[in-house]
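Student: The structure is given below, and queries will be raised subsequently.
There are 2 protein chains.
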Amino acid sequence: MSGTLPGFGVIIPAGGAGKRLWPISQPNHPKFLLDLTGSGRTLIQQTWDRLVPLAGADRMMVVTGAGHRDAVATQLPGLEPANLITEPGPRDSMAAIGLAAAIAQRRWGDLVVGSFAADHVIKPAPGTAGDAVADRVSAATMSSAADAGPGRASGAALAAGLEPEGAAGLELEGAAAPGAAAIGGGEGFAGAVQAAYLAAQEGLIATIGIEPTSASTAYGYISAGDPIGLVGFDQIRFVKAFQEKPDLTTATKYVAAGYRWNAGMFVFRASVLLRWLGQLHPEFADGIGQLADAWDTAQRGATAKRIWPHLPAVAIDRAIAEPVAALGAMATVPGDFAWSDVGDFDSVAQLVPDGSVQLGAGPPPVLEDSPGALAVSQTTQLVVVAGLPDAVVAVSDGVVLVTRRERAQGVKALADRLGDRV
Amino acid sequence: MSGTLPGFGVIIPAGGAGKRLWPISQPNHPKFLLDLTGSGRTLIQQTWDRLVPLAGADRMMVVTGAGHRDAVATQLPGLEPANLITEPGPRDSMAAIGLAAAIAQRRWGDLVVGSFAADHVIKPAPGTAGDAVADRVSAATMSSAADAGPGRASGAALAAGLEPEGAAGLELEGAAAPGAAAIGGGEGFAGAVQAAYLAAQEGLIATIGIEPTSASTAYGYISAGDPIGLVGFDQIRFVKAFQEKPDLTTATKYVAAGYRWNAGMFVFRASVLLRWLGQLHPEFADGIGQLADAWDTAQRGATAKRIWPHLPAVAIDRAIAEPVAALGAMATVPGDFAWSDVGDFDSVAQLVPDGSVQLGAGPPPVLEDSPGALAVSQTTQLVVVAGLPDAVVAVSDGVVLVTRRERAQGVKALADRLGDRV
Chain F
409 MSGTLPGFGV IIPAGGAGKR LWPISQPNHP KFLLDLTGSG RTLIQQTWDR
459 LVPLAGADRM MVVTGAGHRD AVATQLPGLE PANLITEPGP RDSMAAIGLA
509 AAIAQRRWGD LVVGSFAADH VIKPAPGTAG DAVADRVSAA TMSSAADAGP
559 GRASGAALAA GLEPEGAAGL ELEGAAAPGA AAIGGGEGFA GAVQAAYLAA
609 QEGLIATIGI EPTSASTAYG YISAGDPIGL VGFDQIRFVK AFQEKPDLTT
659 ATKYVAAGYR WNAGMFVFRA SVLLRWLGQL HPEFADGIGQ LADAWDTAQR
709 GATAKRIWPH LPAVAIDRAI AEPVAALGAM ATVPGDFAWS DVGDFDSVAQ
759 LVPDGSVQLG AGPPPVLEDS PGALAVSQTT QLVVVAGLPD AVVAVSDGVV
809 LVTRRERAQG VKALADRLGD RV
Chain U
409 MSGTLPGFGV IIPAGGAGKR LWPISQPNHP KFLLDLTGSG RTLIQQTWDR
459 LVPLAGADRM MVVTGAGHRD AVATQLPGLE PANLITEPGP RDSMAAIGLA
509 AAIAQRRWGD LVVGSFAADH VIKPAPGTAG DAVADRVSAA TMSSAADAGP
559 GRASGAALAA GLEPEGAAGL ELEGAAAPGA AAIGGGEGFA GAVQAAYLAA
609 QEGLIATIGI EPTSASTAYG YISAGDPIGL VGFDQIRFVK AFQEKPDLTT
659 ATKYVAAGYR WNAGMFVFRA SVLLRWLGQL HPEFADGIGQ LADAWDTAQR
709 GATAKRIWPH LPAVAIDRAI AEPVAALGAM ATVPGDFAWS DVGDFDSVAQ
759 LVPDGSVQLG AGPPPVLEDS PGALAVSQTT QLVVVAGLPD AVVAVSDGVV
809 LVTRRERAQG VKALADRLGD RV
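Structure (structure tokens):
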């Protein structure tokens, strides 16, 4: 991949204990620091790997807690130390992303920022061209630089520089890279980010809606409305509504109706996010602004101490995405790649075909006559699973958890009840 | 319990790694040293506890390997140091029991000896009077002291002092202890041992046949023939044959035919056992005799070194019980108590109603929505089993084994294949 998206920066909020992955993911070793899928790279490293080609290493920013600062720095040697933002304390995603966006704006100018969780897994969907298309698309977007405030997008300025969806077949006769396909037409993660980037250039807050592979009850859903009006990019649509995690019946209806999974990926011009925050939560925005102003000065510590504890602990979904969608200024672009929030052991099992994950110094777990089972070990113990299909075995220094995949969502409740015994 | 059986000694062979209980039972911590049933006493301590009232502490002998000598001494403070016999090396049960019997004979005279494995569990059968009957029976047997060589028993001398089977109802009008029942009529372990003791006094080798509670394929079976002829004790019968561990169809037939489980408990006059050994395996008997002669002298070590490695490694069942049964000189008495050889995790699960066993310093395993499951831990880890009925979870410092009870017999094969990885 040769080119980055012009004026694009990335924020990676790296937090959350992942209690559904207890005892593997715990506050002192959260899942984003672990190679839960046995890929050789931890989740935050995988996140870095897929975003750094789009933003460039000097436009990558990570927001994490003080306890994970050193581990993140070690795992991401390409991250500039100044761009490793230590949260003054855990305050949920709005404060973390808002602060990072405000700092980014002050350091990098009013660029388009994408916020991507540090602990999700993305793989190319089977049969797609993958990210090879990114070169062509980023070259094309070099000519587009329209700025816009919150409000309905016109699309005219950008559409001029890009292939419209229906014209993809022409590529074969033109000078573009082989294997190229239109934006949003199955070209993987990078293509979806680029489509979201286009929507963000139009002044919208964009989110990627993942094509569901099941009627999952573990995810929220997005229903899409009309196209935003970017000529040739009808797949970029307004968000009609965000739906909470549904029950199975409702999830089945959502999938049948074409709703998509809400992956919590947001792409926006920094000024647009902060303007919406100011409009919807003025004191919050004011606090974030003061802290960002002080961040690169000697007043950082004192300002953080004064402001941070009083910021609301609220998710960006609740603070921004839902109200802005209701106001008609959220866009969604389709993501037709395999995605997982690695939210529970069932998700992990889907990502690990042989079911064997060793995160520590011990031998790889051995599974016999146990199709669909997952064994994750962080210890030197040999883990053996025999004759238990769909079992989940998770071994840490303090805990041996044995359950079944269909009870994976219930692990958080177990952790809440039993976690203090160890 | 007030009285011991006159002229009765006990041998407890304590050996065997118990590979079906891997990784909990291992060569360096075999199951007899563990409190596998959560009773507060290890298996060898429980064995001691139920036999010392019958023999007296100074007539208790344990034969074990050098590696377990210290642990046995620590666990059994009542055992006289001289009666803790260290096997010169692992040589199976005939050598161990033969040597112990020969040493016992030289130290204690030609008494009746019972050999009982160190790693079995016995509980009173539901609704029985338990061992309370022992007082009455042992008082009665004080008057019986008939000696006899191998051959058919007359029974006359002994029968005089004991209640015959059909007369149990008379107890209620007599002076005997309340709750008493006739020998072999459901009075538990002590009563069965005493009946075996009577048969041994008659010159027979006696074994206790356990009333089966299932058509188990994990045990060998005993078929009984005619009563040995002890008047009033028709339940003491000749062994017709010993049957190897059967398949399920055969086991079902055995149970229907009234066969009993072979618990490997043998009771015999020391001279009788050694005479049979001399008759069937003259060189073996000669070696055992020489070593026993040297045992309490300065020549013990040298003699052991010279003789022990050349003794056949053979089970007493094969060397003595089977051929002697064929020659018509083995007796069997019924044992109507709950017995288990604790041979695999399914057996352990049957003995632990709540399924939770902690052998180490950690918290007790927690089982939720997992009826019939068993979790045994030797570590400080909290073991949690949720939603897995009949699961087996066994956690040692080196291994976490997760399987199902119906695969319990297969654990030895797993251990053989995987044991060297840890």
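Top to bottom, those sequences are chains F and U. Mapping of the first sequence onto the working numbering: position 284 corresponds to residue 692, and the numbering continues sequentially without gaps. Mapping of the second sequence onto the working numbering: position 247 corresponds to residue 655, and the numbering continues sequentially without gaps. By construction, the Cβ of each residue, glycine as well, lies at the ideal position given by its N, Cα and C atoms. It should be emphasised that the depicted structure is a prediction, and the values quoted were computed from it without experimental measurement.
Since I believe U:V808 is in contact with F:Q789 (beta carbons under 8 Å), could you give me their beta-carbon distance rounded to a whole number of angstroms?
Tutor: 5 Å between Cβ atoms; contact.
Student: Since U:T657 sits in a beta bridge, which residues does DSSP pair it with?
Tutor: In the DSSP output, where bridge partners are listed per residue, U:T657 has none listed.
Student: Kindly indicate if chain U contains any beta-carbon less than 8 Å away from that of F:L767.
Tutor: By this cut-off, F:L767 is not an interface position.
Student: Which of the three DSSP states, helix, strand or coil, is assigned to F:L796?
Tutor: Of the three classes helix, strand and coil, the one that applies to F:L796 here is coil, per DSSP.
Student: Under 8 Å, Cβ to Cβ, is there at least one residue of chain F near U:R815?
Tutor: Output row for U:R815: interface = yes.
Student: Taking only beta-carbon positions, decide if F:R515 is within less than 8 Å of chain U.
Tutor: It does not; no Cβ of chain U falls within 8 Å.
Student: Using a Cβ-Cβ cutoff of less than 6 Å, which residues in the same chain neighbour F:A671 once the five nearest sequence positions on both sides are dropped?
Tutor: Answer for F:A671: I616, I618 and W747, listed in chain order.
Student: Mark U:H476 as exposed unless 16 or more other C-beta atoms lie within 10 angstroms of its C-beta, in which case mark it buried.
Tutor: Flag for U:H476 reads buried.
Student: Please decide whether U:A794 counts as near chain F, where near means a Cβ-Cβ distance under 8 Å.
Tutor: Taking Cβ atoms only, chain F reaches closer than 8 Å to U:A794, which makes this a yes.
Student: Just verifying my parser: in three-state terms, what is the DSSP assignment at U:N491?
Tutor: U:N491: helix per DSSP, three-state reduction.
Student: Here's the rule I'm using: 16 or more other beta-carbon atoms within 10 Å means buried, otherwise exposed. How should U:D752 be labelled?
Tutor: Buried, by the Cβ-count rule.
Student: Work out the CA separation of F:A508 and F:E730 for me, nearest whole Å.
Tutor: Each residue's alpha carbon lies about 20 Å from the other.
Student: Please classify U:N491: is it buried, with 16 or more other beta-carbons within 10 angstroms of its beta-carbon, or exposed?
Tutor: The residue is buried, with at least 16 neighbouring Cβ atoms inside 10 Å.
Student: Using only CA atoms, which one of U:E814, U:G795, U:K661 and U:T740 lies nearest to U:D634?
Tutor: Ranking the options by Cα distance to U:D634, first place goes to U:T740.
Student: Whose Cβ in chain U lies nearer than 7 Å to the Cβ of F:G806?
Tutor: Under the 7 Å cutoff, chain U gives Q789 and L790.
Student: Check this for me: beta carbons of F:V663 and F:A623, under 8 Å apart or not?
Tutor: Closer than 8 Å, so yes.
Student: Taking the alpha carbon of F:A733 as the reference point, which residue from F:K648, F:A799 and F:D762 has its own alpha carbon closest?
Tutor: Of F:K648, F:A799 and F:D762, the residue nearest in Cα terms is F:K648.
Student: Write down every uninterrupted run of the beta strand (DSSP E) in the region 661-717 of chain U whose length is 3 residues or greater and which is fully enclosed by it, in chain order.
Tutor: Counting only runs of 3 or more, we get 668-677.
Student: Have a look at F:A463 and F:R815 and give me their C-alpha separation to the nearest angstrom.
Tutor: Cα to Cα, F:A463 sits roughly 39 Å from F:R815.
Student: Determine the burial state of U:L656: buried for a count of at least 16 other Cβ atoms within 10 Å of its Cβ, exposed for fewer.
Tutor: Exposed, by the Cβ-count rule.
Student: With U:E730 as the anchor, note down where its alpha helix (DSSP H) starts and where it stops.
Tutor: Run containing U:E730: E730 to A734, per the alpha helix (DSSP H) assignment.
Student: Check the Cβ-Cβ distances between F:A799 and every residue of chain U, and say whether any is below 8 Å.
Tutor: So, interface residue.
Student: So what does F:F646 bridge to, in DSSP terms?
Tutor: In the DSSP output, where bridge partners are listed per residue, F:F646 has F:A739.
Student: What residues are listed by DSSP as bridge partners for F:T615?
Tutor: According to DSSP, which records beta bridges pairwise, F:T615 is partnered with F:F674 and F:T740.
Student: Suppose contacts are defined by Cβ-Cβ distances below 8 Å. Is U:S804 in contact with U:Q786 by that definition?
Tutor: Cβ distance < 8 Å, so U:S804 and U:Q786 count as in contact.
Student: Identify every run of the beta strand (DSSP E) within the region 455-532 of chain U, keeping only runs that are complete inside it and at least 3 residues long; order them along the chain.
Tutor: Within the region 455-532 of chain U, the complete beta strand (DSSP E) runs of at least 3 residues are 468-472, 492-494, 520-523 and 529-531.
Student: For chain F, is any of its Cβ atoms less than 8 Å away from the one on U:L809?
Tutor: So, interface residue.
Student: What would DSSP say about F:L398, mapped onto helix, strand or coil?
Tutor: Summary: the structure shown does not reach residue 398 of chain F, with chain F confined to residues 409 through 830, and so no result is reported for it.
Student: Taking 8 Å as the cut-off, does the region 413-422 of chain F touch the region 494-511 of chain F (at least 3 CB pairs, one atom from each stretch)?
Tutor: Because the criterion of three Cβ pairs below 8 Å is met, the region 494-511 of chain F and the region 413-422 of chain F touch.
Student: Three or more C-beta pairs under 8 Å: does that hold for the region 683-702 of chain F against the region 523-530 of chain F?
Tutor: No, the region 683-702 of chain F does not touch the region 523-530 of chain F.
Student: With a 10 Å radius around its C-beta and 16 neighbouring C-beta atoms as the bar for buried, classify U:E595 as buried or exposed.
Tutor: That one is buried.
Student: Taking the alpha carbon of F:Q698 as the reference point, which residue from F:H689, F:W716 and F:L688 has its own alpha carbon closest?
Tutor: When each option's Cα is compared against that of F:Q698, the closest is F:W716.
Student: So, with DSSP's three-state summary, where would you put U:K820?
Tutor: Looking at U:K820 - three-state DSSP - the assignment turns out to be helix.
Student: Between which two residues does the beta strand (DSSP E) containing F:F597 stretch?
Tutor: That residue, F:F597, is in no beta strand (DSSP E); its alpha helix (DSSP H) goes G596 to Q609.
Student: Relative to the alpha-carbon of U:P771, which residue among F:G827, F:A665 and F:T412 has its alpha-carbon at the smallest distance?
Tutor: Selected option, being the one with the closest Cα: F:G827.
Student: Pull up the distance between the alpha-carbon of U:G736 and that of U:I728, whole angstroms please.
Tutor: So the alpha carbons of these two residues sit roughly 12 Å apart.
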